[in-house]
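Heads up: the structure comes next, in structure tokens.
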Amino acid sequence: MTRDREGPDGDPGAGSAAHDGTWELLGTPFGIACTSDAVGAAVARLFQAFPGVDRPVDAAYRYLVVDGCGLHGNERCVHTAAGALDASGAVSDALSLLLTAVNRAAIDAFAGFAVHAGVLAAGSSAIAFPAPSGTGKTTLAAAGLRAGFDYVSDEALCVGPAAGQLVPYPRALALSPWSRQAVGLGHVDGVELGDGETAVPVDVSGARVAAAPLRLAHVVNLVRAPGSGPGPCVLAPATRGEAMTWLIERSFNHYKRPAESFHVAAALARGAHAWRLAYGDPLEAAALLRDRLG
Amino acid sequence: MEQGGERIGPAVAGVVETEVDESIALLHPDSSQVYVLNATAADVWRLSDGERTLDEVVAALAIAYGATPEAIHAEAAATVARFREDGLLPPAGG
């Protein structure tokens, strides 16, 4: 059904598409083609914070979103060179699939040291908060933008392979309804994703993407208050040894180049201040970070 | 139980070491596991140089901390045992 819309040999980006975009994520060009203008416009909004490129895109990083596949032509499919990821009845679910796949591929292809962390910046100084999924990184990042920080990422602290510079990874902020309300972005016009989330492009939130060069100035360990309610907001100093532990524990890829990553993490920890942030309200926490570290 | 007269260390070949303030970070060459030692463990590691016995390590720590050897012997011995379990120091009798 969708085969005639694909390129030869399963190259999902080589066929005709109504909407075709190419963006560079962490040094890798990604090509995303869509068979409908509506989905293409949504994809363009999701990736608008990344620079467009006209370099050739490897087939492994081409994606095709087919609007109107499946037995009855009412599903959306995301295709890669390795095959179809899944089919879904809703555009929002297809976009979530796409974002997840692209995110994984971008970080996997990154040649430097990458840590699962939210990252904000004030001028050239970056603040990273390493944490696993589901601990509030994206909500705190969004709150940070509202507090006046520049955006680096809600997902990854990326340190380039040359000279240890930070590489922004400003993917769209995917916020739950609770998170949008909590950070005062309930009214913004975002892109609907699956599971009730809304992707909020950076410019819609009123902030901007941080400009390189950036250096890591602070590493913050997040300690959320039980539940989602307000709690005491306290920023306390920690040791640089702890900062190194947090960076290594949350690294996506230190196992690929262990010795190099070890030294990069140590250098980052030595050059940064370490903190522990206990908080309940993300806006209050962001304001505290702004006052103390911004 | 650690024998107080046996020399401790040095580090297993290939262990990478770097200092981060008062901490020492170690990278195991085979498992790629990273260990970030607290201040006390870092002191035990520095003294486990293959020249000192456990009793001598404890004596040096006691002077540094202003404590009696008896007060810190158990913790130092446990730390050395952990280094050996993790493959950072050679096993006892090795």
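Protein chains in written order, with numbering that gives the first Met the number 0: chain A, 0 to 293; chain B, 0 to 93. Every residue gets a Cβ at the ideal spot worked out from N, C-alpha and C, and that includes glycine.
Residues near Asn-220 (chain A) by beta carbon distance below 6 Å, same chain, minus five either side: Trp-245 and Arg-275
Ranges of the alpha helix (DSSP H) found wholly within the segment 241-292 of chain A, counting only runs of at least 4: 257-269 and 281-292
Cβ shell of Thr-67 (chain B) (< 8 Å), same chain only, five flanking positions each side left out: Taken in chain order, the residues that qualify are Ala-61.
The ligand HEM heavy atom lying under 7 Å from the CB of Arg-61 (chain A): The model on display carries no ligand, and the ligand HEM is accordingly not part of it.
Under 8 Å between C-beta atoms of Val-38 (chain A) and Asp-19 (chain A): Contact flag unset, no.
The beta strand (DSSP E) enclosing Thr-79 (chain A), as first and last residue numbers: 74-79
Residues bridged to Ile-23 (chain B) [DSSP beta-bridge criterion]: Note: Ile-23 (chain B) sits in a beta bridge opposite B:Glu-18 and B:Leu-36.
Between the CA atoms of Asp-36 (chain A) and Ser-91 (chain A) - distance to the nearest angstrom: Cα-Cα distance, rounded: 15 Å.
Where the beta strand (DSSP E) through Tyr-187 (chain A) begins and ends: The question names Tyr, but residue 187 (chain A) is Val in the sequence shown. Element bounds for Val-187 (chain A): n/a, residue is neither H nor E.
DSSP-derived helix/strand/coil call for Leu-97 (chain A): helix
Endpoints, alpha helix (DSSP H) assigned at Ala-58 (chain B): 53-64
Contact with chain A by Gln-21 (chain B), beta-carbon distance below 8 Å: In the sequence under discussion, the amino acid at residue 21 (chain B) is Glu, which differs from the Gln named in the question. Yes, its Cβ sits closer than 8 Å to a Cβ of chain A.
Thr-137 (chain A) and Ala-100 (chain A) closer than 8 Å at C-beta: Contact: no.
Amino acids of chain B, ordered along the chain, whose beta-carbon sits closer than 8 Å to that of Phe-261 (chain A): Val-15, Thr-17, Ala-24, Leu-26 and Val-33
8 Å Cβ cutoff met for Trp-47 (chain B) and Gly-240 (chain A): In the sequence as presented, Trp is not what sits at residue 47 (chain B); that position holds Ser. Result no, Cβ atoms of Ser-47 (chain B) and Gly-240 (chain A) do not sit closer than 8 Å.
CB contact check: Ala-17 (chain A) to chain B, cutoff 8 Å: No, Ala-17 (chain A) does not count as interfacial toward chain B.
Within chain B, partners of Ala-237 (chain A) - CB distance below 7 Å: Those do not exist, as Ala-237 (chain A) stays about 11 Å from chain B at its closest Cβ, beyond 7 Å.
Any C-beta of chain B under 8 Å from that of Ile-247 (chain A): yes
Chain-ordered chain B contacts of Ala-181 (chain A) [CB-CB under 9 Å]: In chain order: nothing, as chain B lies at least about 33 Å away.
For Ile-106 (chain A), the nearest candidate out of A:Arg-289, A:Val-203 and A:Thr-27 (CA to CA): A:Thr-27
Contact with chain C by Gly-240 (chain A), beta-carbon distance below 8 Å: Of the protein chains in this structure, namely A and B, none is chain C.
Contact under 8 Å by Cβ, Ala-108 (chain A) with Leu-25 (chain A): It is a contact, given that the beta carbons lie within the stated cut-off.
Contact set between Ala-268 (chain A) and chain B, taken where Cβ atoms lie within less than 7 Å: Val-19
Own chain residues within Cβ distance below 6 Å of Ala-59 (chain A), not counting five before or after: Cβ contact annotation for Ala-59 (chain A) (same chain, cutoff 6 Å, sequence separation greater than five): Ala-80, in chain order.
Coil, strand or helix - Pro-28 (chain A) by DSSP: Here Pro-28 (chain A) sits in strand by DSSP.
Whole-angstrom C-beta distance between Leu-192 (chain A) and Tyr-150 (chain A), which should lie under 8 Å: 18 Å between Cβ atoms; not a contact.
Cβ pair Arg-6 (chain B), Gly-49 (chain B) closer than 8 Å: yes
Val-263 (chain A) to Ala-83 (chain A) span [Cα, whole Å]: 37 Å
Buried versus exposed call for Asp-202 (chain A) [16 or more other C-beta atoms within 10 Å across all chains shown]: exposed
Three or more C-beta pairs below 8 Å linking the segment 248-261 of chain A and the segment 109-117 of chain A: yes
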